[in-house]
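Trainee:
Residue numbers (this note's numbering): 4 to 603.
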């Protein structure tokens, strides 16, 4: 099932297996038949760790979603609640337990907090009078979830918001704990680099945790050479821009959740001749997206303009493979052809799916609205007219285009201009509130607090200097056969990935001045390795760097890092970790709040 996690330089299946082992141990504590009541948010992440078959092996017979009222009937001995430590969920659990007690059912209740146990939640259960009903109260530390052979995510959606709006460092503590787990499995990471306040906090917490375990020597030969911690607020521009890779566009348009995408069903219906269209499916088509699918691994990181040619080439290869059946004459040849058939049929089905997805995306990317939006984004990125009111944004507001689209563009203009001139800032604010409603006042304040949308406080705009020094804009980016990371945004090289690239070669000392212009400190730390654990590097062997994005990473940035890993002369292989996989829409939405209108 998880073979794709063990293909790479770092076998991430080890992490998945450790998580599965812990889950089995907890389930075995609750002897007898079981029903799991899920906090709905957790089902997706857990699906990447354990399938239903594993739960079934440990006597899980039923699964329900956590809801108010009575639990559905189930003839089981144990009821286990899998929940995040949220007070509002404790009230629902209390209601569930009360209704069971009224029925006088002889059941054992257990609760598993993910990722941490919470005294506040236990206190709430006590106040509700149900704490004593629980036999086992435990925690399941699901910090880093393997999404693919080179990708880990905590799926902690409020991390950026907590750090920058609420001054809450809980997600940073979880990150430090996750990195400790990783080092327990893959060895101590000798070199740590970081940029940003959150990066500094995580490094400090991790080093402190290491000192607390000073007596325990980690005897595992290190798999990672370097850890790079990057704050999202060091590069606010990249997530706001429209991603132009195949995977990035799927996420921008349809949204990828826990490795799955839901697509309009009509494109995927197998319509037979003369069949009435009323019989077409109405349920969205749900597809899993990861490198276990050969074709997807091949095209996901390409610029969308290069995908058509890749699909057409693949179609010819598959077609030629099927034609081989006519050349199979002997029994041996026929047998060999038949043995290859399942793989060929899977490849044909995969090709059909991705051709349909590419057609859906093309309908959008060839539209005038998409082109106009992209043109304005690229003007901002190249520094064109960032200091005045943009007529395209004005028109979009007048047409009442989706608010999220307006916010992404206005924030982008602000970031590229180091804040907007006061009168431009006030004008946008007024127009947005008058058109979309004053309940969005909180959202605008949040965006200001998070540094995405703000008035200019100094006359100096550092963005042009940063853009020039780090070569963030490349004219004539080669989308078909890229030679630079800028292909992922058709010209714009993500700042976060340029920093990663420069760190590898020639090093951050060469861009000291630019680093000072970016928010937060930059630093370097060393972790001592026990004697005998220093790697003897083979000739031509790549170094492995774990790049950890605090506050989210986009699929386009992931594609750019994969591109760097594949470059022959880079000498570096990158594994990516993040608090959350994001795009501009999900990221800005996580910062949105509405003022509730008070009814008298």
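Heads up, the beta-carbon is just placed ideally off N, CA and C, and yes, glycines get one too.
When the Cα atoms are used, what is the spatial distance from residue 48 to residue 141?
Mentor: Within the chain shown, the letter at position 45 stands for residue 48. Within the chain shown, the letter at position 138 stands for residue 141. Rounded to whole angstroms, residue 48 to residue 141 spans 18 Å at the Cα level.
Trainee: In chain order, what residues of the same chain lie with their CB nearer than 7 Å to the CB of residue 188, ignoring the 5 residues before and after it?
Mentor: What you label residue 188 is simply residue 185 of the chain shown in a count that begins at 1. If we look at residue 188 and ignore the five residues flanking it on each side, its Cβ neighbours are 17, 18, 21.
Trainee: Assuming residue 532 contacts residue 191 (C-beta within less than 8 Å), just tell me the rounded distance between them.
Mentor: Position 529 of the chain shown, counted from the first residue, corresponds to residue 532. Position 188 of the chain shown, counted from the first residue, corresponds to residue 191. Between residue 191 and residue 532 the Cβ distance is about 6 Å, and since that is below 8 Å, they are a contact.
Trainee: Do you know whose CA, among 138, 65, 134, 78, lies nearest residue 29's CA?
Mentor: Locating residue 29 in the chain shown gives position 26, counting from the first residue. Answer by Cα proximity: 138.
Trainee: With 16 other CB atoms within 10 Å as the buried threshold, where does residue 603 fall?
Mentor: Along the chain shown, read from residue 1 onward, the residue named residue 603 stands at position 600. Reliability of the predicted coordinates at residue 603 is poor, the pLDDT of 39 falling under 50, and no value is obtained from them.
Trainee: Would DSSP call residue 228 helix, strand or coil?
Mentor: Locating residue 228 in the chain shown gives position 225, counting from the first residue. Coil.
Trainee: Any idea what DSSP makes of residue 533, helix, strand or coil?
Mentor: Translated into the one-based positions of the chain shown, residue 533 becomes position 530. Coil.
Trainee: Do residue 267 and residue 354 have their beta-carbon atoms positioned less than 8 Å apart in this structure?
Mentor: Position 351 of the chain shown, counted from the start, is the residue given in the question as residue 354. Position 264 of the chain shown, counted from the start, is the residue given in the question as residue 267. No, the Cβ-Cβ distance between residue 354 and residue 267 is not below 8 Å.
Trainee: Out of 466, 211, 27, 395, state which residue places its alpha-carbon closest to the alpha-carbon of residue 1.
Mentor: Lying outside 4 to 603, the shown extent of the chain, residue 1 is not represented and no answer is given.
Trainee: From what residue to what residue does the alpha helix (DSSP H) around residue 21 run?
Mentor: To locate residue 21, count along the chain shown from 1; it is residue 18. Residue 21 -> alpha helix (DSSP H) spans 16-32.
Trainee: With which residues is residue 155 paired in a DSSP beta bridge?
Mentor: Walking along the chain shown from the start, residue 155 turns up at place 152. Partner(s): 149, 580.
Trainee: Could you compute how far the alpha carbon of residue 322 sits from the alpha carbon of residue 370?
Mentor: Along the chain shown, one-based indexing puts residue 322 at 319. Along the chain shown, one-based indexing puts residue 370 at 367. C-alpha separation (whole angstroms): 32 Å.
Trainee: Are the CB atoms of residue 232 and residue 567 within a distance shorter than 8 Å?
Mentor: Residue mapping note: residue 567 aligns to position 564 of the chain shown, counting from 1. Residue mapping note: residue 232 aligns to position 229 of the chain shown, counting from 1. The answer is no: Cβ separation not under 8 Å.
Trainee: Report, in whole angstroms, the separation of the C-beta atoms of residue 124 and residue 93, which I expect to be a contact under 8 Å.
Mentor: Within the chain shown, numbered from 1, the residue matching residue 124 stands at position 121. Within the chain shown, numbered from 1, the residue matching residue 93 stands at position 90. Rounded, the Cβ-Cβ distance is 5 Å, consistent with contact.
Trainee: Quick one, which of 546, 185, 551 has its alpha-carbon nearest residue 572's?
Mentor: The residue labelled residue 572 in the question sits at position 569 within the chain shown. The option with the nearest alpha carbon to residue 572 is 546.
Trainee: Hey, which unbroken runs of the beta strand (DSSP E) at 3 residues or more fall wholly within the stretch 122-205?
Mentor: For the stretch 122-205, whole beta strand (DSSP E) runs of length 3 or above, ordered along the chain, are 137-142, 148-151, 154-156, 194-198.
Trainee: Restricting to Cα atoms, I'd like to know which of 77, 265, 87 is closest to residue 46.
Mentor: In the chain shown, residue 46 corresponds to position 43, counting from 1. Considering only alpha carbons, the answer is 87.
Trainee: State the start and end residues of the unbroken alpha helix (DSSP H) segment that holds residue 343.
Mentor: Here the question's residue 343 lines up with position 340 in the chain shown. Residues 334-368.
Trainee: Please list the terminal residues of the continuous beta strand (DSSP E) segment that includes residue 119.
Mentor: Numbered from its first residue, the chain shown carries residue 119 at position 116. Residue 119 -> no beta strand (DSSP E), and no H or E assigned at all.
Trainee: Could you pull out every residue in the same chain whose Cβ sits closer than 7 Å to the Cβ of residue 44, ignoring the five residues on either side in sequence?
Mentor: Start at 1 with the first residue of the chain shown, and residue 44 comes out as number 41. Excluding sequence neighbours, residue 44 sits near 87.
Trainee: Between residue 636 and residue 256, what straight-line distance do the alpha-carbon atoms span, to the nearest angstrom?
Mentor: No answer is possible for residue 636: it lies beyond the span of the chain, which begins at 4 and ends at 603.
Trainee: Taking the alpha-carbon positions, what's the residue 203 to residue 455 distance?
Mentor: Here residue 203 is taken as the residue at index 200 of the chain shown, counted from 1. Here residue 455 is taken as the residue at index 452 of the chain shown, counted from 1. If I take the Cα positions, the gap works out to 21 Å.
Trainee: Grab the span of the alpha helix (DSSP H) containing residue 44 for me, first residue to last.
Mentor: Against the chain shown, residue 44 aligns to sequence position 41. Run containing residue 44: 43-50, per the alpha helix (DSSP H) assignment.
Trainee: Following the continuous beta strand (DSSP E) through residue 83, name the residue where it begins and the one where it ends.
Mentor: As a position in the chain shown, residue 83 is number 80, starting the count at 1. 81-86 is the extent of the beta strand (DSSP E) around residue 83.
Trainee: Can you check which of these residues, 291, 536, 82, is closest to residue 222 by C-alpha distance?
Mentor: Numbered from 1 along the chain shown, position 219 holds the residue referred to as residue 222. Here the closest residue by C-alpha is 536.
Trainee: Are residue 161 and residue 593 closer than 8 Å when you measure CB to CB?
Mentor: In the chain shown, residue 161 corresponds to position 158, counting from 1. In the chain shown, residue 593 corresponds to position 590, counting from 1. Yes; because the gap between Cβ atoms is below 8 Å, this pair is in contact.
Trainee: Would you tell me roughly how many angstroms separate the C-alpha atoms of residue 66 and residue 33, rounded to the nearest one?
Mentor: On the chain shown, position 63 is the one that residue 66 refers to. On the chain shown, position 30 is the one that residue 33 refers to. So the two alpha carbons sit approximately 15 Å from each other.
Trainee: Residues in the same chain with beta-carbon distance under 7 Å from residue 482, minus the five sequence neighbours each way, listed in chain order, please.
Mentor: By one-based count along the chain shown, residue 482 stands at place 479. Within the same chain, residue 482 has close Cβ partners 306, 308, 309, 490, 493.
Trainee: Using a 10 Å radius around the Cβ and a threshold of 16 neighbouring Cβ atoms, would you call residue 461 buried or exposed?
Mentor: In the chain shown, residue 461 corresponds to position 458, counting from 1. When all chains shown are included, residue 461 counts as exposed.
Trainee: Could you have a look at residue 442 and say whether DSSP puts it in helix, strand or coil?
Mentor: Translated into positions along the chain shown, residue 442 becomes position 439. Three-state DSSP puts residue 442 in a helix.
Trainee: May I have the straight-line CA-CA distance separating residue 476 from residue 496, to the nearest angstrom?
Mentor: In the chain shown, counting from the first residue as 1, residue 476 sits at position 473. In the chain shown, counting from the first residue as 1, residue 496 sits at position 493. The straight-line gap from Cα to Cα measures roughly 6 Å.
Trainee: Just the C-alpha distance for residue 276 and residue 270, rounded to the nearest angstrom, thanks.
Mentor: Translated into the one-based positions of the chain shown, residue 276 becomes position 273. Translated into the one-based positions of the chain shown, residue 270 becomes position 267. In this prediction, residue 276 scores a pLDDT of 49, lower than 50, which makes its location untrustworthy; no coordinate-derived value is stated.
Trainee: Starting from residue 604, follow the beta strand (DSSP E) in both directions and report where the run begins and ends.
Mentor: The structure shown does not extend to residue 604, since the chain is modelled only from 4 through 603, so no value can be given for it.
Trainee: Is it buried or exposed for residue 219, if we count other Cβ within 10 angstroms and need 16 for buried?
Mentor: In the chain shown, residue 219 corresponds to position 216, counting from 1. Its Cβ having fewer than 16 others within 10 Å, residue 219 is exposed.
Trainee: Between residue 596 and the rest of its own chain, which residues show a CB-CB distance below 8 Å, the 5 nearest in sequence each way excluded?
Mentor: Position 593 of the chain shown, counted from the start, is the residue given in the question as residue 596. So the list reads 445, 446, 449, once near-sequence residues are dropped.
Trainee: Does the beta-carbon distance from residue 563 to residue 500 come in below 8 Å?
Mentor: Along the chain shown, one-based indexing puts residue 563 at 560. Along the chain shown, one-based indexing puts residue 500 at 497. Contact: yes.
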